[in-house]
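Data first, discussion second: the structure below is written as structure tokens.
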Amino acid sequence: MKKTFIALAFSSVAAGVQASDTSCQSVTENEITSLFQQWNKGLKAKEPELMADFYAEDAVLLPTLSNDMRTNHVEIADYFSHFLKKGPQGEINERVVVLGCNKATDTGIYTFSFADGSKAQARYTYVYRFADNKWLISHHHSSLMPE
């Protein structure tokens, strides 16, 4: 109990300090959900570098169809160079969006349809960060549904 209280007290102090040092970019749930729509449209262009541009320079991508963690634009573009060959298009099945100060989380379940007619349903989390006057993906985790 005591540890919980100390942790809560510390997090409250830290949050107060952060709030005074940062101005928060206003954002709506619709604006965050539209970021996935833009990302999904980017898949149609089949350009790995374009897909990497949706991600912050220090982003982490834990992709659906790869065992390798990607932690920079070169590695993220490399993942998409393989993924885009499958002709993917995503559809959100259900989601929860949580808004914060210069960050937002979009998490849920999506299904990818591929050019060969196959599908893959996965759990996902996108963490967005507002930096340099735009929203970028700072963390993207996607994993196939356990069956």
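Read in order, the letters of the sequence shown are residues -19 to -1, 1 to 128 in mature numbering (1 follows the signal peptide of the UniProt record, and there is no 0).
Note that CB positions come from ideal geometry on N, CA and C, so glycine has one too.
Helix, strand or coil at GLN6 [DSSP, three-state]: Position 25 of the sequence shown, counted from the start, is the residue given in the question as residue 6. In this structure, GLN6 counts as coil in the three-state DSSP scheme.
Simplified DSSP state of LYS(-18), which is helix, strand or coil: Along the sequence shown, read from residue 1 onward, the residue named residue -18 stands at position 2. Residue confidence for LYS(-18) is low, a pLDDT of 40 falling below 50, so the modelled location carries little weight and cannot support an answer.
Should ALA26 go down as buried or exposed, given a rule of 16 or more other Cβ atoms within 10 Å for buried? In the sequence shown, residue 26 corresponds to position 45, counting from 1. Its Cβ having fewer than 16 others within 10 Å, ALA26 is exposed.
What ranges does the beta strand (DSSP E) occupy inside the region 10 to 95, keeping only unbroken runs of at least 3 residues that lie completely in it? 36 to 43, 70 to 80, 84 to 94
If LEU117 and ALA37 are in contact, beta carbons under 8 Å, what's the gap, nearest whole angstrom? As a first step, residue 117 must be located in the sequence shown, where it is residue number 136. As a first step, residue 37 must be located in the sequence shown, where it is residue number 56. Indeed, because the Cβ distance is near 4 Å, the residues count as touching under 8 Å.
On the DSSP letters alone, give me the boundaries of the beta strand (DSSP E) that SER119 sits inside. On the sequence shown, position 138 is the one that residue 119 refers to. SER119 -> beta strand (DSSP E) spans 115 to 125.
Do you know offhand how far PRO56's Cα is from GLN6's? Walking along the sequence shown from the start, residue 56 turns up at place 75. Walking along the sequence shown from the start, residue 6 turns up at place 25. Sequence check: residue 56 is Glu here, not Pro. Their backbone Cα atoms lie some 29 Å apart in a straight line.
GLN102 to ARG76 span [Cα, whole Å]: Position 121 of the sequence shown, counted from the first residue, corresponds to residue 102. Position 95 of the sequence shown, counted from the first residue, corresponds to residue 76. Cα to Cα, the separation comes out at about 13 Å.
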